[in-house]
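Counted the way the UniProt record's numbering counts, the sequence shown spans residues 1 to 216.
All C-beta atoms in this analysis are idealised placements derived from N, C-alpha and C, irrespective of residue type, glycine included.
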Amino acid sequence: MGGPAALPNVHDGHKRITYEEMHVTIGKTAQRIKSEFDFFPARVLRTFLKRVSGADGKRRNIPIQAIGLSLYEEVGEVDGTAGLAQEEKLGKEVIRTQWLDFSTLGNRPLVGRRILIVDEVDDSRTTLGYAVSELKKDIQAQFDKLPEDKKADFPPTKLAIFVVHNKLKEKRASIPDDVAYFAGDDIPDVWVDYPWEQEDILLHNEVAAKQKELGL
Ligand code: 5GP
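Right, dumping it as structure tokens:
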């Protein structure tokens with residue numbers, strides 16, 4: 001009876017992003033990363049960013065490693081972190097659930113490489129701040145272990161960050177000046193629903209389309 005039922009959640013304040021929008025945003029930024037930094041990973045980026053390497057002129061995939069970092073639920077200030085330096089504080093707020101698999105990275109895993117950290121969203125920046133500080137520690141430890149006469153053979157290791165969405169808000173951690181930062185889109189501080197988090201992708205797309213139509 002009556003017309004089609006109203007869609008749920010249209011006014012819930014969430015911004016719904018579709019797979020297609022992710023693809024387009026990543027593709028646009030890939031061009032910038034290519035011209036400004038000349039390197040890049042993560043699955044969709046990799047599609048845009050195959051690069052020619054080696055004497056045979058073949059296009060090769062860039063290796064991707066997954067790291068898992070989880071933010072502790074925040075209940076105001078995490079106990080006992082008030083007097084700590086930023087880096088120590090981050091360590092108390094983020095848990096490592098997965099880290100680099102050095103066994104697949106060869107015998108000089110990080111030193112001298114160009115490493116792009118990829119995430120979907122930069123919210124408070126806590127997670128990215130932690131990832132950078134932990135990677136820098138690993139890079140330094142590996143560099144320190146190199147024989148003295150080999151150290152000069154390596155170009156400086158370069159770190160960069162790519163996020164699809166950067167929320168425009170006050171950040172709780174900062175990114176060091178020597179780490180390049182690329183964001184696909186700067187967005188307001190709203191919760192984003194990503195397509196891969198949805199059980200019903202068709203409904204997600206439908207609500208996303210409706211929200212767009214209503215200018216939400
Ligand atoms: P941050 O450390 O920058 O506060 O948060 C990073 C992590 O929190 C992200 O990698 C993501 O897992 C989660 N997160 C933050 N904001 C959002 C959001 O709007 N939508 C979703 N789905 N996850 C978010």
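Among the options, nearest to residue i - alpha-carbon criterion
{"i": "Q97", "options": "S70, H11, K171, E170", "result": "A small fix is needed here, since residue 97 is Thr in this sequence, not Gln. Nearest option by C-alpha distance: S70."}
{"i": "F154", "options": "V164, Y194, R125, P109", "result": "P109"}
{"i": "A160", "options": "P63, A183, T25", "result": "A183"}
{"i": "K158", "options": "D149, E197, W196, P176", "result": "P176"}
{"i": "G68", "options": "I117, E206, A30", "result": "I117"}
{"i": "T18", "options": "D149, W196, A131", "result": "W196"}
Cβ-heavy atom distance, residue i to the ligand 5GP, below 7 angstroms
{"i": "T127", "result": "yes"}
{"i": "L214", "result": "no"}
{"i": "Y72", "result": "no"}
{"i": "V121", "result": "yes"}
{"i": "E206", "result": "no"}
{"i": "L103", "result": "According to the sequence displayed, residue 103 carries Ser and not Leu. Because no heavy atom of the ligand 5GP lies under 7 angstroms away, the Cβ of S103 does not count as near it: no."}
{"i": "E197", "result": "yes"}
{"i": "Y181", "result": "no"}
{"i": "S174", "result": "no"}
Near the ligand NAP: residue i beta-carbon under 7 angstroms from a heavy atom
{"i": "W191", "result": "Only the ligand 5GP can be found as ligands here, which leaves the ligand NAP out of the picture."}
Beta-carbon gap between residue i and residue j smaller than 8 angstroms
{"i": "D189", "j": "K169", "result": "yes"}
{"i": "I26", "j": "V164", "result": "yes"}
{"i": "I115", "j": "L135", "result": "yes"}
{"i": "L216", "j": "V10", "result": "yes"}
{"i": "K167", "j": "I187", "result": "yes"}
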